[in-house]
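If you read the sequence shown in the working numbering, its first letter stands for residue 0, the second for the next number, and so on.
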Amino acid sequence: MNKFKEIFSSWKLLITVLVIVMISEKIGLLKIPIGSGSIMFLPLLYAMALGLILYLAKPVKWVNKEQTSMADKFIVIGISVFIAKVGVQSGAAIEAVIKAGPALILQELGNLGTILVALPFALLLGFKREAVGMTHSIAREPNVGFIASKYGLDSAEGRGVMIIYIVGTLIGTIFMGVMSSVLASFTPLHPFAIAMATGVGSGSMMAAASAPLVSMFPDMATEITAYAATSNLLSTADGIYMTMFIGLPLCNFLYRKLEPVLGKNRKVKTN
């Protein structure tokens, strides 16, 4: 009962969020052509920027620290609905998973690179348990929901995963678009292999990364799009299981081994 009272007492915050969402959706998707590809700005980016402005500039007095403490709970509710949708899509796509073969399925192991490469750097920079949230995955919506349910978003791990989620939203599409163009232009990798690599579990990143490939190889456009979409679907469907059973346990194991060595006498503040 007390939880319901807390939710209803935050009606001003809910209305503010609704207005922000309506404005962001009204602006819609914006594309800025750059070379053979384009940079895409999604409504999610506008919503984050507007929310940040409202909190820092304080044009709306009721969006304060007390209200933002409730936002963590609302995020968990929203992401829970999203994960339920992912579960339904995963079941519906089981035939596609089987037909895709081992190449598409095993490419999910590539997400473990965020642990093996990024975790040592995060510890060297002085991060503690935040490093686990930051590096256990690429930190998209299902991963944020998983960390929120396991540790809470107000925990060190929760702050870490939200840092990467925000950074990924801001520059992830730009990075993916440039990376796919570079790989296609200067490496012997087949366009289909790069297309499979674009499916990291984020629709916006996949679209930004596959667009340059389609422009560079128009005769393969249909196949590139199909591989990218299938790979992205599989990453969304099985990525959360990879995180639960391999990614996070491996990250915690390496953290226990590396932190005493790389993180010695180092400390950062994330509040």
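The beta carbon of each residue, even a glycine, is placed where N, CA and C say it ideally should be.
Among the options, the one whose alpha carbon lies nearest that of residue i
i      : options                        : result
Tyr164 : Leu111, Ala138, Ala183         : Ala138
Ile173 : Leu17, Pro32, Lys25            : Pro32
Glu140 : Pro187, Gly202, Phe191, Tyr150 : Gly202
Lys30  : Ala206, Met195, Ala236         : Ala206
Val199 : Asn110, Gly77, Phe73           : Asn110
Asn142 : Lys11, Ala196, Thr235          : Thr235
Ile14  : Leu257, Arg128, Tyr45, Gly50   : Gly50
Glu156 : Thr168, Phe191, Thr134, Ile114 : Thr134
Val247 : Ile22, Ser214, Pro101, Leu108  : Looking at the sequence provided, one finds Leu at residue 247 rather than Val. Comparing Cα-Cα distances from Leu247 to each of Ile22, Ser214, Pro101, Leu108, the minimum goes to Leu108.
Three-state class that DSSP yields for residue i in the structure shown
i      : result
Val216 : In the sequence on display, residue 216 carries Phe and not Val. The answer is coil: DSSP assigns Phe216 none of H, G, I, E or B.
Pro32  : strand
Phe126 : coil
Val260 : helix
Leu115 : helix
Lys11  : helix
Ser203 : helix
Outcome for residue i when other beta-carbon atoms lying within 10 angstroms are tallied against a minimum of 16
i      : result
Tyr240 : exposed
Gly112 : exposed
His189 : exposed
Glu222 : exposed
Ser56  : Here residue 56 is Ala; the residue named in the question, Ser, does not match the sequence. So Ala56 counts as exposed.
Ser180 : buried
Phe120 : exposed
DSSP bridge partner residues for residue i (one or two, in chain order)
i     : result
Phe40 : Leu29
Extent of the continuous alpha helix (DSSP H) to which residue i belongs
i      : result
Val160 : 155-185
Ser148 : 140-149
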